[in-house]
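Chains as they are written, first to last, in the working numbering: chain C, 317 to 500; chain Y, 317 to 500; chain W, 4 to 353; chain D, 4 to 353; chain S, 439 to 510; chain A, 439 to 510; chain U, 58 to 306; chain V, 58 to 306.
This report concerns only the one structure given below.
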Amino acid sequence: MSKIDRIFCAGFGGQGVMSMGQLLAYAAMLEEKEVTWCPSYGPEMRGGEANCSVTISDERIGSPLINNDASVGVFMNGAAYNKFIGKVMPGGKVFINSDLIDAENPRTDITYYRIPVNSIATELGKIQLANMVMLGAVNDQAHLVDQDMLLEAFKKVFGAAKEKFIPINKEALAKGAEAAAKMF
Amino acid sequence: MSKIDRIFCAGFGGQGVMSMGQLLAYAAMLEEKEVTWCPSYGPEMRGGEANCSVTISDERIGSPLINNDASVGVFMNGAAYNKFIGKVMPGGKVFINSDLIDAENPRTDITYYRIPVNSIATELGKIQLANMVMLGAVNDQAHLVDQDMLLEAFKKVFGAAKEKFIPINKEALAKGAEAAAKMF
Amino acid sequence: MAKVLLKGNEAVVRAAIEAGCKYFFGYPITPQNEIPEYFSKELPKIGGAFVQGESEVASINMLYGAAAAGARAMTSSSSPGIALMQEGIGYISKAEVPAVIVNMMRGGPGLGGIQPSQADYNMCVKGGSNGDYRTVVLAPGNVQELVDMVQEAFDIADQYRILCIVLADGLIGQMMEPVELRKPKERPIPAKDWALTGRNGGKTHRVYNLKLQAPDLEKDNFDLFKKYAVIEENETRYEDYMMEDAEFAFASYGTASRVVRTAVDRLREEGYKVGLVRPQTLWPFPYEAFNRPQIKKYMDIELNMGQMVDDVVLGCGDKEKVEFFGHTGGVLITVDEVCDFAKKIMGGAK
Amino acid sequence: MAKVLLKGNEAVVRAAIEAGCKYFFGYPITPQNEIPEYFSKELPKIGGAFVQGESEVASINMLYGAAAAGARAMTSSSSPGIALMQEGIGYISKAEVPAVIVNMMRGGPGLGGIQPSQADYNMCVKGGSNGDYRTVVLAPGNVQELVDMVQEAFDIADQYRILCIVLADGLIGQMMEPVELRKPKERPIPAKDWALTGRNGGKTHRVYNLKLQAPDLEKDNFDLFKKYAVIEENETRYEDYMMEDAEFAFASYGTASRVVRTAVDRLREEGYKVGLVRPQTLWPFPYEAFNRPQIKKYMDIELNMGQMVDDVVLGCGDKEKVEFFGHTGGVLITVDEVCDFAKKIMGGAK
Amino acid sequence: MGSFTLSIREERCKGCELCVSVCPKGVLAINKDKPNAAGYFPASVVAQDECVGCQSCVRMCPDVAIKIEKKD
Amino acid sequence: MGSFTLSIREERCKGCELCVSVCPKGVLAINKDKPNAAGYFPASVVAQDECVGCQSCVRMCPDVAIKIEKKD
Amino acid sequence: MSVVFERSKGLTDVKTHYCPGCSHGIVHRLLAESVEEMGKLEDTICISPVGCAVLALDYFEFDGIQAAHGRAPATATGIKRVHPDKTVITYQGDGDLASIGMCEIVHAAARGEKITTIFINNGIYGMTGGQMAPTTLPGMKATTAQLGREVSLNGYPIRVAELIATLDGAKYVERVAVDSPADVIKAKAAIKKALEVQEAGLGFSFVEVLCACPTNWGKTPVDALKFVKDEMIPYYPLGVKKDTTKEGQ
Amino acid sequence: MSVVFERSKGLTDVKTHYCPGCSHGIVHRLLAESVEEMGKLEDTICISPVGCAVLALDYFEFDGIQAAHGRAPATATGIKRVHPDKTVITYQGDGDLASIGMCEIVHAAARGEKITTIFINNGIYGMTGGQMAPTTLPGMKATTAQLGREVSLNGYPIRVAELIATLDGAKYVERVAVDSPADVIKAKAAIKKALEVQEAGLGFSFVEVLCACPTNWGKTPVDALKFVKDEMIPYYPLGVKKDTTKEGQ
Ligand SMILES: Cc1ncc(C[n+]2csc(CCOP(=O)(O)OP(=O)(O)O)c2C)c(N)n1
Ligand SMILES: Cc1ncc(C[n+]2csc(CCOP(=O)(O)OP(=O)(O)O)c2C)c(N)n1
Ligand code: SF4
Ligand code: SF4
Ligand code: SF4
Ligand code: SF4
Ligand code: SF4
Ligand code: SF4
Ligand SMILES: [Mg+2]
Ligand SMILES: [Mg+2]
């Protein structure tokens, strides 16, 4: 069977969870992989939880949904972690925003990456970069796409107007990768 | 097979064609026969032709429609006669308002009754009685219901308010019957 | 009660009132205008209300309100008017408020024409609204049955908290037949403790249509379908005519089935072993009635392009066994046509 | 053209504009709001027009006008909104003006919920409006196919002068996938010499919906059904997956079919000889695709209570051969559930 | 002799009498003798010479059955 | 000491600040320290004694989270 | 001989299905003449309603379509957006426009849709046989108000022109009647003016025409027009309700 | 200690799903208090719309039903005819009432239906995420008018209270706002008065409430109410549009 990655990202509205998934999906597409990005569009009209499922594969993708078969779980806050940790399959990798998530009694069948993405982003001068820090960590450890491709994707998703932010985002990705690497 | 009468009445709006059929149907019902009365409700919003089909039977009635199997045809004006004479089955009886219908080249497979119902009604003092004159003729010759039952039906259909007209209607029925009988 | 000679549309009104219907909401449309007209005369006399809705959309939503308020209420219309009611039909079905609709069908699609038709089978039986739902569909074959079914429709609606459609072709509304208003069979009808009546010292009543959480909505739908299964079990109804020794069978309902009945008589006279299966409920559909191995062919006769065919095939399990003949757009079928068609199908078989 | 990552709803707009659609009429409803929103931004730029209809009823009748005027135009909505369009759908079908509707289905019945569903199969495929008519129904399985089908819908509509519905579940509208805007196959598209353009020195154009004389209406309907027969002949479409040696087959479309596809992969790994038949057109329905004697069971998987089941039975000719599994009300199915269900049906067979 | 000529297309006329009722000069009248093909008793010109060309009749005719010409 | 007692049901409060914005006496303020269970920073009473019982706050509170009592 | 009056070229030679004395015929003539006089026969599209005028498209020498009951303004909107340079007209009865179609007419007016609506107010549902319309006068009989409209039961008649005039997108609104030659002249002027407002691209224009339905009123045509004059006009005052053109200001 | 202000018994203790600062909550309170003060908690049936207030029935301590989008006045009519002695209220947004539901509200008013309508005009489709409503102000942004409403393209806003006031069956019509404590007091009085008009059996009563939708306006709650005051009130003048009660005459 071909390689297939299923990445589940969850957090609350405003943490950039949806665009994290979109950047990943876009980058994978640029690498000519098959890809799907599915939001959960909940009944909540505003705020509240946000999550998306990204599937990356060499072949045509069947189900774009993630039930309990995420190979990668990304959790930006505690509520999301508690609610959705079960979606990660045994052997999967889990990335948690350790600034907001304790994750006591962690599952033993998966690998944890605890990244203080809020702190790192704050250090970088903008808490809004937390999702990019996380993305850097995830991509570095889960080997999803070429790190540079994420910046290409950034251009496509956010357009010319936002290109000036590329350097700082690049740095965020790098910091995230660094932090994740340090863990092991 | 049980006895079944299919009576097709046609004329133009205002000639009392519909109520002729209804009286017949009502009377037959009072005699505990099965009966149906079907109007044609045409696209014409007003005026124009009027016709109805009455079926009287000892048994439950299947089709209430008359195609080419009317045992009795009643025609109050020329247009209706020309359009619908084909509905009468061979061996059937046809009653025509001879004041308004010439019926040249009559069909040879049916029996014609030419009743000057307009003239008779006018003699009776009310051209509106033409349909009752015709009804008298039809019922007398086609042996559909008891003649008195038609007057019972008249009471039911037109209500107490119109009961004072019973004598004159009775007379009209009688005159019609008489005229028809005279024909043979 | 003695018989009276009634026009189908007037009979609907008498039957409804007999069944305790005190509220009517409807919008004029040929060929059922006598229904609102009679109701407008009769309901005020009995302390009920007639409201001429500003449209069919308004009428169905008035019905939703009146029915949710616990009353026996109905609307009526004809084909394009019923199409406009589809959203409301879905709402009534979702909320499980018992209500009655009479559809006096005319030719379509679209504005179409005003002559009698049976072309709303798909819309009314298969479901013209969104989502998973069913409505009971009663198909009267004559005015007496129309009267009986209108009365029963109210009972069935109340017994199961379901929307009940009386689906008749325009001719049944226009024709007159002797009619007796008789009591329908007794049914267990639960109290409407869910109805909007004000709290009256008790709990608050709430009639929902929205379930934002998918699992809640799914549960509702599963419950609905459990109820539907009970209805299928209890309420499926059809009538056989000359079926004991039949080798060929017509499938037909409403006015078409009457023409067919006469055709059966005529064909029997000629020695053909032919009968008629007449569904009286279109949902639940009497699939079993068409599951008779001895029947060589089913001849489906409708006033449309063959909308019941699939159901007859599903019933008998063999599409090769089902043939269709019909007219559409308001043209009526004749006994001759039906006999000719049948003879072609039956060949020399007698 | 290079691929772009697009949300289904946005992709609809791009595809429609690519296909020459310059007019959109629609009313907000979740989960398809991005469609009117993108259209409102894009159409003025290309000299077209976006009108937010005051309702779905207005929107479908605006579409009727714009399409009768000869333009490529569309509307979109979701389940209860489509229910409100039923009368208009009948009018468009009767008048034979080519038009396109996108339905991003959500759970019903009634107001229901906003999560993805396939519960409008009956309404859209069997006919939610009055009278004898059909609409082409395309069922995309992913965003690329959504894009392709929206483009084709305009061509099919114009080729046959028919209403074309693109029937997708809400998830397809919400998810993103790489998409390429490619040209659909060339079709013979007749000139719209019947369209309302003003006389322009020629004859007067008239678009009718009423035929008061039943025989005229019948003739129209017969003509319609002749056309439908051609469409059934030419446009029926489905996709096989792993069907060459399959002994069991899933029947599924839209998002459900993707979950099923993954289930097929998994079951194949476990040695089960199972495949998937995915109807891409729901009308005309690919009955023949289910007529394979070697298949022991068809497993119909839908996001509803089993609305396609009858068609699969009609296709395979044996109701004993068809089993159903699904979720309703917006609950999605999982690969595990599908596999478990399939194994129960297939037993030990591998 | 009047200076206007009226012509009525009898086959279009439905005998509604509106023209008759508004003509100030009594130019028109319903012809109760012979119905037209559609069964209506049409209006006819009974006093042509009286016509003053005021056009009241044509303004009211729902069937646009009347034509007025002026003799030069 | 003021004669009114305000109590805010924090779990209902959504931190919209409408009460704060209309209070003429600065009695209320948003507590930026600790979000409530729903994640909102609720209003709190910071100058109880200043309250004049004008009810402006309760009139504007969309979540009807405030109660005012008067000390007898 | 010179022609003083003859049938407009905007009318086909098809005989209408209207009852004797029905006002629809008069208004058809006015509309056809207006379009002809404006030189727009080649460039006009008229939407027929569901109502007695459902066949109007057969009677005009310009393009036509039959809209769904009450939805003519929506259908007109679709057409006009596609052909902004054509004259688009809806011709609607009071059941069609004021009952089932109230939402569409209000919104077409509010949008300032550049179309013209001719509103035939005959106080009754003609085609379906005389049911109560939203414009049926108090006390007036209808088959669904057989003792006469009783406002406490059946509600109040709607003065549609006044209602439409409240909408900013409506640029010209007038009520006229066809009860007499003099009023017919004014009706014609109003219709033409409304079309000119459309031609000038100002926005929505609307002419309500008080009409007779002799058949369902159970009156002779002459008596029916007397009823228009004596009963309808007092309830529905004639005149310009709104005029945003230069002359109107 | 005596209570100066506390939660009305007309409100359940369920937390609302409304956004912070959403005006729906304020109007809910006013309605609940009015019904409570009139002693009608046992005898009231309120129809929730489709819109953000679709769940309103969960928030009131009286009977409730969710109507189809825009059809609350029709559903209310059905209920009121069955229970003429109950207080029947529709609570509707501007998409619900002024767009899709225009026909039903006009006709309920024209019929003089003895119901009360509370009309929440927040100039936007809240629930579906900020599309243009018939009441969106010129220049105001919406997701289907991203450069701001352009009247030549999107038509003109509708002043609903004024439109309803043209109808004879409407017996009490007022426009209020909830932008300030003073206006909230007036809003409460209007709602109560409208219910009293129903109670007295006079006919249809209608209160339009200018409200804020901070979320879709992209404003803080405080700024949103400032927008109501500075922008909405000038376009939609507050005040009684019609009052047929004795005091009103
Ligand atoms: C959806 C729908 N509802 C009802 C009808 C039936 N219908 C045909 S014409 C008409 C009313 C016509 O009245 P009006 O608009 O006043 O026109 P008039 O005939 O008086 O000119 C109605 C209700 C229909 N065809 N379609
Ligand atoms: C028939 C139908 N069309 C559309 C919708 C989608 N919808 C839900 S709420 C809404 C608009 C709500 O706006 P408004 O009435 O202004 O209420 P608000 O949310 O602003 O309070 C719409 C269009 C629906 N549920 N049903
Ligand atoms: S033009 Fe005037 S005077 Fe002449 S016939 Fe007509 S109405 Fe009479
Ligand atoms: S007005 Fe016209 S239709 Fe009427 S009677 Fe005169 S000519 Fe004939
Ligand atoms: S009652 Fe008045 S003074 Fe007291 S807290 Fe509320 S707004 Fe402030
Ligand atoms: S107004 Fe109410 S919800 Fe808003 S901050 Fe104050 S107490 Fe909290
Ligand atoms: S029914 Fe009335 S409106 Fe219709 S054609 Fe006859 S007179 Fe005219
Ligand atoms: S979206 Fe707007 S109207 Fe809806 S709850 Fe939020 S603020 Fe209120
Ligand atoms: Mg009318
Ligand atoms: Mg709103």
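All C-beta atoms in this analysis are idealised placements derived from N, C-alpha and C, irrespective of residue type, glycine included.
This structure is a prediction, so every number in the text was calculated from the model and none was measured.
Asked	Found
Please confirm whether any heavy atom of ligand 2 lies closer than 7 Å to the CB of residue 128 of chain W.	no
May I have the straight-line CA-CA distance separating residue 408 of chain Y from residue 423 of chain Y, to the nearest angstrom?	11 Å
Note down, in chain order, all residues in the region 121-138 of chain W with a beta-carbon under 7 Å from any beta-carbon belonging to chain B.	No chain B is present in this structure, whose protein chains are C, Y, W, D, S, A, U and V.
Any chance the CB of residue 84 of chain V is under 7 Å from a heavy atom of ligand 1?	no
Within 8 Å (strictly less), CB to CB, does residue 122 of chain U reach chain D?	yes
If we call anything under 8 Å between Cβ atoms a contact, is residue 144 of chain W one with residue 260 of chain W?	yes
Is the beta carbon of residue 431 of chain Y less than 8 Å from the beta carbon of residue 391 of chain Y?	no
Please list, in chain order, the residues of the region 213-228 of chain U that have any C-beta partner in chain V closer than 8 Å.	213, 214, 215, 216, 219, 220, 223, 224, 225, 226
Can at least three beta-carbon pairs, one atom from the region 243-253 of chain V and one from the region 155-165 of chain V, be found at a separation below 8 Å?	no
Who are the neighbours of residue 501 of chain A on chain V, taking C-beta pairs under 7 Å?	73, 82
Unbroken beta strand (DSSP E) runs of length 3 or more, entirely within the region 131-164 of chain W: which are they?	139-141
For chain V, find out if any of its Cβ atoms is closer than 8 Å to the Cβ of residue 25 of chain D; answer yes or no.	no
Under 8 Å between the Cβ atoms of residue 254 of chain W and residue 315 of chain W?	yes
Once you ignore the five residues that flank residue 101 of chain U on each side, which residues in its own chain have a CB closer than 6 Å to its CB?	92, 119, 144
Among the residues of its own chain, which have a CB less than 6 Å from the CB of residue 317 of chain Y, if the five just before and after it don't count?	For residue 317 of chain Y, the pLDDT reaches just 49, beneath the cut-off of 50, and the residue's location in the model is therefore unreliable, although a value from the coordinates is still provided. If we look at residue 317 of chain Y and ignore the five residues flanking it on each side, it has no Cβ neighbours.
By the criterion of Cβ-Cβ separation under 9 Å, what are the contact partners of residue 118 of chain W in chain D?	215, 216, 217, 220
How many angstroms separate the CA atom of residue 48 of chain W from the CA atom of residue 20 of chain W?	11 Å
Measure the alpha-carbon distance for residue 349 of chain D versus residue 303 of chain D and round it to whole angstroms.	13 Å
Taking 7 Å as the cut-off, is the beta-carbon of residue 417 of chain Y closer than that to any non-hydrogen atom of ligand 9?	no
In chain order, what residues of the same chain have a beta carbon less than 8 Å from the beta carbon of residue 347 of chain C, not counting five sequence neighbours either side?	461, 462, 465
Once DSSP output is grouped into helix, strand and coil, what is the label at residue 319 of chain C?	coil
Can you tell me which of the three DSSP states residue 274 of chain V falls into?	helix
Checking contacts by CB at 8 Å: is residue 507 of chain A closer than that to chain V?	yes
Inspect the beta-carbon positions of residue 168 of chain D and residue 234 of chain D and report whether they are closer than 8 Å.	no
Give the interface partners of residue 177 of chain W over in chain Y, defined as CB-CB distance under 8 Å, in chain order.	354, 355, 357
Where do the ends of the alpha helix (DSSP H) carrying residue 183 of chain W lie?	Premise fails: residue 183 of chain W is in no alpha helix (DSSP H) and is neither H nor E.
Given this structure, state the Cα-to-Cα distance separating residue 87 of chain W from residue 95 of chain W, to the nearest angstrom.	14 Å
Hey, residue 467 of chain C and residue 484 of chain C: beta-carbon distance below 8 Å or not?	no
Listing by chain order, which chain U residues have their CB less than 9 Å from the CB of residue 7 of chain V?	Past the edges of chain V, shown from 58 to 306, lies residue 7 of chain V, and the structure says nothing about it.
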